[in-house]
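First up is the structure itself, then whatever we jot down about it.
In the UniProt record's numbering, the protein residues as written are 1 to 294.
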């Protein structure tokens, strides 16, 4: 068990998306006036990919196009064979027969390719609303400066990335659980409490500590280790496991598959290093639990 208490506040946390300033507001008034007085912009313009644009707008037609091409080619070969006066039986010594057989093979290949294109379509990736409750739990024995830094990490990640859940475990103690969490059936629908002792015994935690490097589960539903994170919303799409030195780990949950970019991953690594440096200074002053071993 752990000493200390948790400060639990159920707050209406509404994560904000990254906001970018509009191009118009970034120009001074004098520059905007000069641009408007000079008329339209006459410099180099970005090149448009007409073929790519047409394909993206006519996806169904493009997918069925090999079927039409293959079917038309097949009928053309049969018509040519009929009107040319050549015997309907294929003759290996005839160059025309060999050409017709090759054309028939290519036509059938086009038809089969079109059938594959129609039957296999990429799954659309969209942002989901986490199925859970919002909570904010902070370990009460932490200094105010550490609490401020943990909240700063949450605000930064929730505003700039697809992060919707954040859990920080350090030295066997859950220091922070914030954002969306799974609803607890035994707590009247409240947020499920993180069982730090059980988590540190799992393969995800131990694997991250041993490797010392970040683990990115881009599509959480495909990983069997998802069962070790029951405190996250059931429809969490992606998770980053960021080790905090060799004593802890930060669990970052996202709301979209492959939603964390390479820059996000590098930034989370730097945040993890900063949290580790801060927590290392105060971990010895945190009253730790004493386990009795038989």
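Note that CB positions come from ideal geometry on N, CA and C, so glycine has one too.
Remember, it's a predicted structure, so these values are computed and weren't measured experimentally.
Practice prompt. Quick one: using the 10 Å Cβ neighbour count with 16 as the cut-off for buried, is residue 118 buried or exposed?
Written response: exposed
Discussion item. Less than 7 Å between the C-beta atoms of residue 191 and residue 169, yes or no?
Written reply: no
Worksheet item: If you compare alpha carbons, which of 114, 258 and 283 is closest to residue 126?
Response: 258
Practice prompt. Please name the residue or residues paired with residue 173 in a DSSP beta bridge.
Written response: 170
Worksheet item: In or out: residue 121 buried (at least 16 other Cβ within 10 Å) or exposed?
Response: exposed
Fill in: Candidates 193, 215 and 145, of which the one nearest residue 279 by Cα
Nearest C-alpha to residue 279: 145.
Item to complete: Within the segment 136-172, note down every full alpha helix (DSSP H) run reaching 4 residues or more, in order along the chain.
Response: 144-160
Worksheet item: Where does residue 55 land, buried or exposed, given buried means 16+ other C-beta within 10 angstroms?
Response: exposed
Worksheet entry | Which of helix, strand or coil DSSP assigns to residue 214 | coil
Discussion item. If I follow the unbroken alpha helix (DSSP H) through residue 242, where does it start and stop?
Written reply: Counting along the chain, residue 242 falls outside any alpha helix (DSSP H), though it belongs to the beta strand (DSSP E) covering 238-244.
Worksheet item: Distance, Cα to Cα, residue 162 vs residue 101?
Response: 55 Å
Worksheet item: Cα separation between residue 114 and residue 74?
Response: 14 Å
Practice prompt. Determine the DSSP secondary structure at residue 178, reduced to helix, strand or coil.
Written response: Here residue 178 sits in strand by DSSP.
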